[in-house]
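Asks: First, the structure itself, so that you have it in front of you.
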Amino acid sequence: MNIHIFVFRLVLEVFILLPVSSLANILLEDFKLVKEIFREAGFDVDQDASKINDRVLEAFVRLLVEREESKEKRKKIIQALRDLLKESGNDLYHKFDPRIPMETVPLDERKSSFREVRKGYKLEEGIREAQRCLTCRDPRCVEACPIHFGVPAALKLLAQGRLEQAYRLSLTYYPCLGIMGRICVRFCEYACIMNEIGFDPLAIRYTHRVITDYVDKSKVKLSPKPPIGKKVAIVGSGPAGVNAAYHLALLGYSVTIYEAANRIGGMLKLSIPEFRLPSNIVDEELNILKDLNVKIELGKQVGRDISLLDLVKEYDAVFISVGAHKPKKMGVPGEDLQGVIQALPFLYKVKIGEVKKVDGRVWVIGGGDVAMDAARTALRLGASQVKIMYRRSRAEMPADPEQVEDAEKEGIEIIILATPIEFIGEGNILKKMKCVRMRLGEPGPDGRRKPEPIPGSEFIEEADMVILAIGQDPDLSFIKPEDGIELTKWGTIKVDENLMTSRPGVFAGGDAVRGPATAIEAFADGKRAAESIHRYLQST
16 MNIHIFVFRL VLEVFILLPV SSLANILLED FKLVKEIFRE AGFDVDQDAS
66 KINDRVLEAF VRLLVEREES KEKRKKIIQA LRDLLKESGN DLYHKFDPRI
116 PMETVPLDER KSSFREVRKG YKLEEGIREA QRCLTCRDPR CVEACPIHFG
166 VPAALKLLAQ GRLEQAYRLS LTYYPCLGIM GRICVRFCEY ACIMNEIGFD
216 PLAIRYTHRV ITDYVDKSKV KLSPKPPIGK KVAIVGSGPA GVNAAYHLAL
266 LGYSVTIYEA ANRIGGMLKL SIPEFRLPSN IVDEELNILK DLNVKIELGK
316 QVGRDISLLD LVKEYDAVFI SVGAHKPKKM GVPGEDLQGV IQALPFLYKV
366 KIGEVKKVDG RVWVIGGGDV AMDAARTALR LGASQVKIMY RRSRAEMPAD
416 PEQVEDAEKE GIEIIILATP IEFIGEGNIL KKMKCVRMRL GEPGPDGRRK
466 PEPIPGSEFI EEADMVILAI GQDPDLSFIK PEDGIELTKW GTIKVDENLM
516 TSRPGVFAGG DAVRGPATAI EAFADGKRAA ESIHRYLQST
């Protein structure tokens with residue numbers, strides 16, 4: 016079938032519901048548009064559609080998004096093109112297949128098990144999903160990713176079954192592809208051009224995971240540069256610190272990580288539940304630091320066991336990458352009652368086996384991933400009822416939509432536009448929450464509409480446990496005036512464009528600079544800091 020017949024059939028499908036008076040003009044207009052796009056994409060419209068190749072298809076989609084404002088019309092055009100490709104025997108129609116779903120643990124098993132919920136793609140599923148990539152000329156996914164991961168290149172290698180090369184490519188960005196294949200917030204997927212034409216975006220996060228699930232890592236050897244005789248100290252072993260250590264070690268630096276906890280990994284290891292990120296995956300991927308001879312000082316807290324000034328004197332450079340672990344308080348009456356707890360300490364105690372059982376009615380306050388983790392954890396520990404309360408609307412919940420969907424499937428109810436204003440107890444024991452309904456007012460400094468209480472809308476809820484998950488701040492109390500490190504008005508570390516602080520040779524990144532951020536943003540800061548430290552030490 017050639018393009019002339021396709022275009023004629025297409026415009027009839029797209030505009031058949033329009034009034035006859037306007038149909039002729041629009042038919043002519045869009046007939047010209049589609050033909051012009053094909054010509055600009057380098058395809059002769061007199062040819063059969065079986066001759067359309069990847070390059071032409073990518074150009075057609077890109078130009079269609081640029082030229083046609085209506086997303087609905089774009090979708091109808093691409094749907095008709097998909098049908099044409101299929102009828103012409105051109106396998107490129109698979110580019111517009113639905114996203115391949117990932118198998119999950121049955122719901123009845125989830126509620127009592129910390130087994131990882133998502134089972135991962137089978138290798139053939141991952142390859143098929145990767146083959147959907149259009150390999151865009153100007154990939155939006157790469158631009159949207161904080162670390163600018165080479166998504167199209169990785170997908171192309173996976174699509175060809177070249178797992179070792181795909182994994183080796185990932186190591187140029189970070190050593191934690193399996194971790195990010197489970198918890199990344201998917202800036203790349205939201206930016207995928209498939210969204211612009213009404214089709215499912217590529218399951219990029221899932222494809223990252225399938226690479227690490229099936230690659231033989233023993234065949235992928237690292238090649239660090241010879242030691243160059245300079246030492247770097249890293250404060251904190253979360254994503255930013257880990258990635259900085261990794262890249263600096265590859266460059267030949269002697270690296271020592273100082274970690275206050277007795278485990279490496281920061282929140283990756285200490286608070287994200289097993290059903291979302293198994294500890295063995297974190298351990299396996301962070302073991303790469305040992306292979307690079309990175310020294311790790313566990314249980315050694317800067318500010319308690321060693322001062323920042325001591326590190327500055329002992330090392331050629333220092334990178335501060337402490338995470339946001341200090342929970343925020345609501346500041347309402349009754350917050351100190353027994354039964355009102357913070358989410359991160361709760362999740363940590365569950366991880367180390369200190370908390371094994373939860374009873375009664377549990378409320379989680381907040382709308383982010385930590386709130387979802389806490390609620391789903393409480394459910395698995397035996398709570399008779401788990402509900403989440405969030406003060407804004409559902410559309411503004413910062414949690415990954417996949418997490419929200421999982422929570423609701425597991426039976427967790429989400430109450431929006433409401434917040435506690437008092438915790439009520441008998442003696443010192445929590446029994447109830449006094450709450451108020453909220454409405455969204457004018458946008459605040461962050462662009463989100465501010466929640467405002469509705470007068471007279473107060474109500475009471477029974478509660479045996481309340482878990483607060485309203486955010487965290489980095490704890491920078493170890494930084495002393497004599498350290499010469501300037502802070503911002505928000506209490507984070509002030510840095511320049513190279514992530515250097517006000518003290519030469521001391522760098523900072525991740526939550527310590529951004530405030531609470533995502534793992535991929537922290538990984539990006541770690542890589543960027545390593546590059547900046549390298550330039551600095553090469554010039555001194």
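Under my numbering, think of the first position of the sequence shown as 16, with each following residue one higher. Idealized CB from N, CA, C, for every residue including glycine. None of the values given here were measured: they were computed from a predicted structure.
Name the DSSP beta bridge partners of I380, please?
Replies: BP columns for I380 point to M404, L483.
Asks: Since M345 and L483 should fall inside the 8 Å C-beta cutoff, what is the C-beta to C-beta distance between them, to a whole number of angstroms?
Replies: Right, the Cβ-Cβ distance comes to about 6 Å (below 8 Å), so this counts as a contact.
Asks: Let me know the secondary structure DSSP gives M412 once reduced to three states.
Replies: Looking at M412 - three-state DSSP - the assignment turns out to be coil, as it is neither helix nor strand.
Asks: Kindly provide the ranges of any beta strand (DSSP E) runs that are 3 or more residues long and lie completely inside the segment 322 to 376, ordered along the chain.
Replies: Counting whole runs of 3 or more residues, the segment 322 to 376 contains the beta strand (DSSP E) stretches 332 to 335, 355 to 357.
Asks: Straight-line CA distance for V8 to L78?
Replies: Only positions 16 to 555 of the chain appear in this structure, which leaves residue 8 out of reach.
Asks: Would you tell me roughly how many angstroms separate the C-alpha atoms of D112 and G383, rounded to the nearest one?
Replies: C-alpha separation (whole angstroms): 31 Å.
Asks: Using 7 Å as the threshold, is the C-beta distance between L107 and L149 below it?
Replies: No, Cβ-Cβ distance for L107 and L149 is not below 7 Å.
Asks: Okay, do the segment 335 to 352 and the segment 417 to 430 touch, 3+ Cβ pairs below 8 Å being the bar?
Replies: No: the two stretches stay apart, fewer than three of their Cβ pairs being nearer than 8 Å.
Asks: Measure the alpha-carbon distance for E477 versus K366 and round it to whole angstroms.
Replies: Going by the C-alpha atoms only, they are around 28 Å apart.
Asks: On the DSSP letters alone, give me the boundaries of the alpha helix (DSSP H) that A248 sits inside.
Replies: Element bounds for A248: not the alpha helix (DSSP H) but the beta strand (DSSP E), 246 to 250.
Asks: Which residues in the same chain have their Cβ closer than 8 Å to the Cβ of L48, if we skip the five residues on either side of it in sequence?
Replies: Counting only Cβ-Cβ distances below 8 Å, and skipping sequence neighbours, we find R82, E83.
Asks: Take K240 as the anchor and find which of L307, G253, A181, A218 has the nearest alpha-carbon.
Replies: K240 has its Cα closest to that of L307, out of L307, G253, A181, A218.
Asks: Any idea if F474 is buried or exposed, counting beta-carbon neighbours within 10 angstroms, 16 or more meaning buried?
Replies: The residue in question, F474, is exposed, as its Cβ has fewer than 16 Cβ neighbours within 10 Å.
Asks: Could you say if the segment 522 to 538 and the segment 251 to 258 meet the contact criterion of at least three C-beta pairs nearer than 8 Å?
Replies: Yes: the two stretches touch, three or more of their Cβ pairs being nearer than 8 Å.
Asks: With DSSP collapsed to three states, give me the class of R452.
Replies: Note: R452 maps to strand in three-state DSSP.
Asks: Mind the definition here: the segment 245 to 252 touches the segment 197 to 205 only if three or more C-beta pairs lie below 8 Å; say whether that holds.
Replies: No, the segment 245 to 252 does not touch the segment 197 to 205.
Asks: In whole angstroms, what separates the C-alpha of A39 from that of R147?
Replies: No answer about A39 holds up, because its pLDDT of 43 lies below 50 and its placement is not dependable.
Asks: Ignore the nearest five residues each way along the sequence and tell me which others in E300's own chain have a CB closer than 7 Å to its CB.
Replies: The answer, listed in chain order, is P190, C191, G193, I194.
Asks: Cα-Cα, which of K542, D325, R550 is closest to Y261?
Replies: When each option's Cα is compared against that of Y261, the closest is K542.
Asks: Could you compute how far the alpha carbon of R125 sits from the alpha carbon of P413?
Replies: So the two alpha carbons sit approximately 23 Å from each other.
Asks: Can you check the segment 56 to 96 for any alpha helix (DSSP H) of at least 4 residues that lies completely inside it and give the ranges in chain order?
Replies: Whole alpha helix (DSSP H) segments, 4+ residues: 69 to 82.
Asks: Give the secondary structure of E428 by DSSP, where H, G and I count as helix, E and B as strand, and everything else as coil.
Replies: E428: strand per DSSP, three-state reduction.
Asks: Among residues of its own chain, excluding the 5 on either side of E312, which ones have a beta-carbon nearer than 7 Å to its beta-carbon?
Replies: For E312, where only same-chain residues beyond five positions count, the Cβ hits under 7 Å are T271, I272, Y273, E274.
Asks: I need the boundaries of the alpha helix (DSSP H) containing T222, first residue and last residue.
Replies: From DSSP, the alpha helix (DSSP H) with T222 extends over 219 to 229.
Asks: Check whether the segment 152 to 166 touches the segment 174 to 182, taking contact to mean three or more Cβ pairs, one atom from each stretch, closer than 8 Å.
Replies: No contact exists between the segment 152 to 166 and the segment 174 to 182.
Asks: In terms of alpha-carbon separation, which member of F214, K236, G135, G456 lies closest to R224?
Replies: Among F214, K236, G135, G456, the Cα nearest to that of R224 is on G135.
Asks: Could you say which of G486, F361, V451 lies nearest to S472 if we only look at CA atoms?
Replies: For the residues G486, F361, V451, the minimum Cα distance to S472 belongs to V451.
Asks: Put L502 into one of helix, strand or coil per three-state DSSP.
Replies: Three-state DSSP puts L502 in a strand.
Asks: Buried or exposed for D351, please, with buried defined as at least 16 other CB atoms from any protein chain shown within 10 angstroms of its CB.
Replies: Result: exposed.
Asks: Using 8 Å for Cβ pairs, my map puts M448 next to F438. What's the rounded Cβ distance?
Replies: Their Cβ separation, rounded to whole angstroms, is 6 Å, which keeps M448 and F438 in contact under 8 Å.
Asks: Could you check whether S103 and A64 sit closer than 7 Å to each other, using their CB atoms as the reference points?
Replies: Yes; because the gap between Cβ atoms is below 7 Å, this pair is in contact.
Asks: Would you kindly report the start and end of the unbroken beta strand (DSSP E) that includes L313?
Replies: Taken as a continuous stretch (DSSP letters only), the beta strand (DSSP E) holding L313 covers 310 to 313.
Asks: Taking all protein chains shown into account, do 16 or more other C-beta atoms lie within 10 angstroms of the C-beta of Y221, making it buried, or fewer, making it exposed?
Replies: Its Cβ being crowded by 16 or more others within 10 Å, Y221 is buried.
Asks: Taking one C-beta from the segment 406 to 425 and one from the segment 322 to 335 each time, how about it: are there three or more such pairs within less than 8 Å?
Replies: Touching, no, given that fewer than three Cβ pairs across the two stretches are closer than 8 Å.
Asks: Return helix, strand or coil for R155, following the three-state DSSP convention.
Replies: In the structure shown, R155 sits in a helix (DSSP, three-state: H, G or I).
Asks: Under three-state DSSP, which class holds T507?
Replies: Here T507 sits in coil by DSSP.
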